[in-house]
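Visitor:
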Amino acid sequence: MVRKKLLIYNAYRADRDEILERLEQMDQDIQPRLSHMHGLPRGKGGLPRSSVEHAVINREETTQELNERLKRIEMHMKPIELALDSLSFVERSVITALYHSLQHNTYTEIAESLGFTVNELMRIKREALVKFGCVYGGYWLKAIG
1470 MVRKKLLIYN AYRADRDEIL ERLEQMDQDI QPRLSHMHGL PRGKGGLPRS SVEHAVINRE
1530 ETTQELNERL KRIEMHMKPI ELALDSLSFV ERSVITALYH SLQHNTYTEI AESLGFTVNE
1590 LMRIKREALV KFGCVYGGYW LKAIG
């Protein structure tokens, strides 16, 4: 279950980054050199007022929708972030190596890669799982903040 929560967290983080990037790009798509033509008759090179108003309304609706999605994502991420923040760097490294790695290494290989013995690795793992809000055995309880 820890692996599942970490994968969900990374998916939320990727979605959040994508939304923030889209919001940032929306701010950059304004073309100030053309703004003086908005609302002018077409014969003088301007856009009809209704097209401009329609574009502004669409932009505001899209921005509002993205902001609402961003708030929902951050609400889901908060408990996991609080739990991860409660871990030390070493504990976070152990949890990441054990539960978030796509490689299926043995405990011995993981311990050697992190510079610990297997017993130290297992002790740190138990402490990290307790802090992370997991019952030893893999049942997800809650995020400890």
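If you count the sequence shown from 1, you need to add 1469 to reach the numbering used here. For each residue, glycine too, the CB sits at the ideal point set by N, CA and C.
1. Please list the terminal residues of the continuous alpha helix (DSSP H) segment that includes LEU1631.
2. Quick check on the DSSP output: what are the complete beta strand (DSSP E) runs of length 3 or more inside the segment 1537 to 1569, in order along the chain?
3. From the DSSP output, in three-state form, read off ASN1574 for me.
4. Quick one: Cα of LYS1600 to Cα of ARG1528, how far?
5. Tell me which residues share the same chain as VAL1563 and place their Cβ nearer than 7 Å to its Cβ, disregarding the 5 neighbours each side in the sequence.
6. With a 10 Å radius around its C-beta and 16 neighbouring C-beta atoms as the bar for buried, classify VAL1471 as buried or exposed.
7. From GLU1550 to VAL1525, what distance separates their C-alpha atoms?
8. Distance, Cα to Cα, GLN1494 vs ASP1484?
Guide: So, to answer that:
1. No statement about residue 1631 is possible, as the shown extent of the chain runs from 1470 to 1614 and does not include it.
2. Under the rule that a run must span 3 or more residues, no beta strand (DSSP E) segment is found entirely inside the segment 1537 to 1569.
3. coil
4. 43 Å
5. LEU1583, LEU1590, ILE1593, LYS1594 and ALA1597
6. VAL1471 comes out buried.
7. Whole-angstrom Cα-Cα distance: 36 Å.
8. 15 Å
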